[in-house]
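Here's the structure we're looking at; comments come further down.
2 protein chains.
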Amino acid sequence: MGTVSNVLNRPDQVSEQTRARVQAAIEILGYVRSESARQLRAGRSRMLGLLVTDTGNPFFAALARGTEEAAVRAGLGVMVCNSAESPSAEQAYLSLFAEQRMRGVLLAPVDSHGAPWHVLSRQNIPCVVVDRAVGEDEVCSVAADDVLGGLLAGRHLLKAGHRRIAYVRGPEQLRQVRDRRDGLLRAVREAGMSADTVVDVPVHRHDVRSGRDAGHRLIGLSPRPSAVFCANDLLALGIMQTVFDAGVRVPDDLAVIGYDDIEFAEACLIPLTSVRHPAAEIGRLAAELLLKELDPAPEGHRHESIVLQPELVVRRSTVPRA
Amino acid sequence: MGTVSNVLNRPDQVSEQTRARVQAAIEILGYVRSESARQLRAGRSRMLGLLVTDTGNPFFAALARGTEEAAVRAGLGVMVCNSAESPSAEQAYLSLFAEQRMRGVLLAPVDSHGAPWHVLSRQNIPCVVVDRAVGEDEVCSVAADDVLGGLLAGRHLLKAGHRRIAYVRGPEQLRQVRDRRDGLLRAVREAGMSADTVVDVPVHRHDVRSGRDAGHRLIGLSPRPSAVFCANDLLALGIMQTVFDAGVRVPDDLAVIGYDDIEFAEACLIPLTSVRHPAAEIGRLAAELLLKELDPAPEGHRHESIVLQPELVVRRSTVPRA
DNA sequence: CGCCGTTGATGAATCGTTTCATAAATAAGA
DNA sequence: TCTTATTTATGAAACGATTCATCAACGGCG
Chain A
1338 MGTVSNVLNR PDQVSEQTRA RVQAAIEILG YVRSESARQL RAGRSRMLGL LVTDTGNPFF
1398 AALARGTEEA AVRAGLGVMV CNSAESPSAE QAYLSLFAEQ RMRGVLLAPV DSHGAPWHVL
1458 SRQNIPCVVV DRAVGEDEVC SVAADDVLGG LLAGRHLLKA GHRRIAYVRG PEQLRQVRDR
1518 RDGLLRAVRE AGMSADTVVD VPVHRHDVRS GRDAGHRLIG LSPRPSAVFC ANDLLALGIM
1578 QTVFDAGVRV PDDLAVIGYD DIEFAEACLI PLTSVRHPAA EIGRLAAELL LKELDPAPEG
1638 HRHESIVLQP ELVVRRSTVP RA
Chain B
1338 MGTVSNVLNR PDQVSEQTRA RVQAAIEILG YVRSESARQL RAGRSRMLGL LVTDTGNPFF
1398 AALARGTEEA AVRAGLGVMV CNSAESPSAE QAYLSLFAEQ RMRGVLLAPV DSHGAPWHVL
1458 SRQNIPCVVV DRAVGEDEVC SVAADDVLGG LLAGRHLLKA GHRRIAYVRG PEQLRQVRDR
1518 RDGLLRAVRE AGMSADTVVD VPVHRHDVRS GRDAGHRLIG LSPRPSAVFC ANDLLALGIM
1578 QTVFDAGVRV PDDLAVIGYD DIEFAEACLI PLTSVRHPAA EIGRLAAELL LKELDPAPEG
1638 HRHESIVLQP ELVVRRSTVP RA
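Protein chains in written order, with this note's numbering: chain A, 1338 to 1659; chain B, 1338 to 1659.
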């Protein structure tokens, strides 16, 4: 019935009397309107999809919070999904998003090859890439300058006098892994030192367990680096734990610097120096970019790439006590 | 067209030839079926709703993973939402779930009063309460035995000779906060000691920041307790950091025991003794209970309450080095 | 008294999928 | 060849909210 719809969506265009009558009926019958019917009629849902590579990582949890905040402000819901770094899971979730006719999608792609968002374009679902820089040709994106982050970390360590620095990192396919190293190497060049100042320590995943592996390998290295730069805080936590256990003092024997500045970096026993990667802000800005792309002029839209500046947060893991 | 539907849902009931023809058309047109139309027809969605009180807490992240796993196995999606411990947000999300005609809902209620799931019952949406024990009258539930958890923690500390134990905890409305204390007090009675062995230290929230507050207050206490039992690991992390900073040695000067056994308890510099609260398993079992309630006999269903046993995980934060 | 303008209520059509009843085509048996 | 049985294809109805065109009611004014 059309009147009911008016009562719910345009209460001012309906007379006081009928409005009351309809409201009463709604109460009595326990009526709850069907979102799927609304969606079907509208042709699109009232949700944003957010697909990240690891929901367990506090970094993405923070990003999701930022997104959600912005979305709720715009009256939209968010569905957060986990591709678990699997390209096939990523594709499956994007298809799901397409079937749900999501209003828009925020995507942290698993790898930097291909354009996984093509499934979405066919349905005219706009997509914003988060936490990865991509060209402005196809989609908007919000990322942080990882080269700068690496540079900041490198300068900090070099200024403190370190001359042998380990770089602990996950799979090289991740652009971030490469960019952060590039930044570190640039700092090394700036300081007029040779590239073999940096010791590469690859691990499989960006998690604490891999950090512990790396820790054991670090202890065995000779000469042992005096500092380690980790591509992610979880790695740094694992490393600190292992080396602390082996009696290596942080920061005196080994300075440790992480990346992302997750909550637990600050909460750590020896608070971790880290490069602050503004997770919540990335999430928020990406959602806002998406909303802008949705809202008024569907045509006159130019894709944007926002790049945020990371920030060095110095804590005790790199600063010996006075 | 009915045939298309058959090709997609019952491909064996359609001839080889037409199937191929339809598939080809689907390819060419880039057809993606509309989930909202399916839902409308079916009268219910193919999703489970999961509403927790803090998506940032790794405990709930783990719980969500368990739920998701079980749901995906059953061909259902999961939408995770965050009530942020606000009863009004909780009610809003439950209404949202009702409008979406969720297949079922997993709920970690904000407080133990009332029955927030009533909005769902009216739509015949089954609800399973997670991580809180409730009677079996209205809904199923999966929780852990928090009294036992407190008991285990208490016995462990008392056996180690502690005679003055702080209990750091968030709002008392949470049943868990009460239960864990009850367990602790039972251990104290068992040991034939008086109830004022336990020093109550209330804080506002179950997070690291509140833990730091508690840490400062602990240091100021006199006589200072020799051990502290925290209602949650995040509190314990905050406490350890603060007291470590102040030169109090853990575990020698102060033994610390947490609750939940989140990933970061083990990853901590001084690994944290904790009561393992089986998050992923709670999530998984709750989802399975929900699926069972959904599946075959809608009527002959009796609500169940599963109570899991927590487990003490002893690490260095309570065991002085030999 | 009748005409017109305004406001508010009504009903039909629509979105895309599924289901079910029916129709057509094919195969088998008499 | 004709009937019956079986497989496969077709068409219409339904789900529930929204929209839009139409219609009724009412007050003002000539």
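Don't be surprised by glycine CBs; every beta carbon is placed ideally from N, CA and C.
Under the DSSP assignment, B/E1509 falls outside any alpha helix (DSSP H); it carries neither an H nor an E label. Proximity to B/N1394 across B/A1429, B/Y1368, B/R1639, B/R1542 peaks at B/R1542, based on C-alpha coordinates. The beta-carbon distance between A/Y1596 and A/R1517, rounded to whole angstroms, is 6 Å. This is short enough to meet the 8 Å contact definition. Apart from sequence neighbours up to five positions away, the residues of its chain that approach B/I1619 with a beta-carbon distance below 8 Å are L1400, G1403, V1467, D1468, V1479, A1480, A1481, L1645, ordered along the chain.
Per the coordinates, the alpha-carbon of B/I1365 lies some 28 Å from the alpha-carbon of A/D1448. When secondary structure is reduced to three states using DSSP, B/Y1596 falls in the strand class.
Rounded to whole angstroms, the Cβ separation of B/A1624 and B/A1445 is 13 Å, and the two are not in contact under 8 Å.
The CB of B/R1370 comes closer than 9 Å to the CB of E1436 in chain A, given here in chain order. For A/S1531, there is no enclosing beta strand (DSSP E), since its DSSP letter is neither H nor E.
Using a Cβ distance threshold of 7 Å, B/V1505 and B/C1464 do not count as a contacting pair. Judged by DSSP in its simplified three-state form, B/A1659 adopts coil rather than helix or strand. Rounded to whole angstroms, the gap between the alpha carbons of A/V1565 and A/A1524 is 14 Å. Annotation for A/A1480: the continuous beta strand (DSSP E) segment containing it runs 1477-1481.
Looking at A/S1432, A/E1427, A/G1386, the one whose alpha-carbon comes closest to that of B/C1418 is A/G1386. Counted as a single uninterrupted DSSP element, the alpha helix (DSSP H) harbouring A/V1580 occupies residues 1570-1582.
When rounded, the separation of the alpha-carbon atoms in A/V1415 and A/I1556 is 44 Å. Interface criterion met: the Cβ of B/S1373 is under 7 Å from a Cβ in chain A. Sequence-ordered contacts of the stretch 1600-1621 of chain B with chain A read E1600, F1601, E1603, A1604, C1605, L1606, I1607, P1608 [C-beta pairs closer than 9 Å]. Taking the beta carbon of B/Q1578 as reference, the chain A residues within 8 Å of it are A1604, C1605, L1606, P1608, listed in sequence order.
A/M1384 counts as buried, since at least 16 other C-beta atoms from the protein chains shown sit within 10 angstroms of its C-beta. Taking C-beta atoms as the reference points, B/A1429 and B/L1457 fail to come closer than 7 Å.
Shown here, B/P1424 sits in a helix according to DSSP, grouped into three states. Counting along the chain, the unbroken beta strand (DSSP E) around B/A1564 starts and ends at 1564-1567. For A/Q1376, at least one C-beta of chain B is nearer than 7 Å to its own C-beta. For B/G1620, no beta strand (DSSP E) run applies; the uninterrupted alpha helix (DSSP H) run containing it begins and ends at 1616-1631, by DSSP. For B/F1581, the residues of chain A that pass the 7 Å Cβ criterion are L1606, in the order they occur in the chain. By the Cβ neighbour-count rule, B/A1357 is exposed, with fewer than 16 other Cβ atoms within 10 Å of its own. According to the DSSP assignment, B/L1377 belongs to the alpha helix (DSSP H) that extends over 1372-1379. With its beta carbon at least 7 Å from every one in chain A, B/R1383 lies outside the interface. Its chain contains L1385, G1386, I1462, P1463, C1464, V1465, L1627, L1628, E1630, L1631 as the residues whose beta carbon lies nearer than 8 Å to that of B/G1441, once the 5 sequence neighbours on both sides are disregarded; these appear in chain order. Legend: CB atoms of the stretch 1442-1463 of chain A lying less than 7 Å from CB atoms of chain B belong to residues R1459, Q1460. With its beta carbon at least 7 Å from every one in chain B, A/A1624 lies outside the interface.
Burial of B/A1490 is indicated by the presence of at least 16 other C-beta atoms within 10 angstroms of its C-beta.
For B/N1419, the pairing in a beta bridge is given by DSSP as B/V1389.
Secondary structure at B/P1453: coil, using DSSP grouped into helix, strand and coil. Judged by pairs of C-beta atoms under 8 Å, the stretch 1569-1580 of chain B touches the stretch 1528-1547 of chain B, as three or more such pairs exist.
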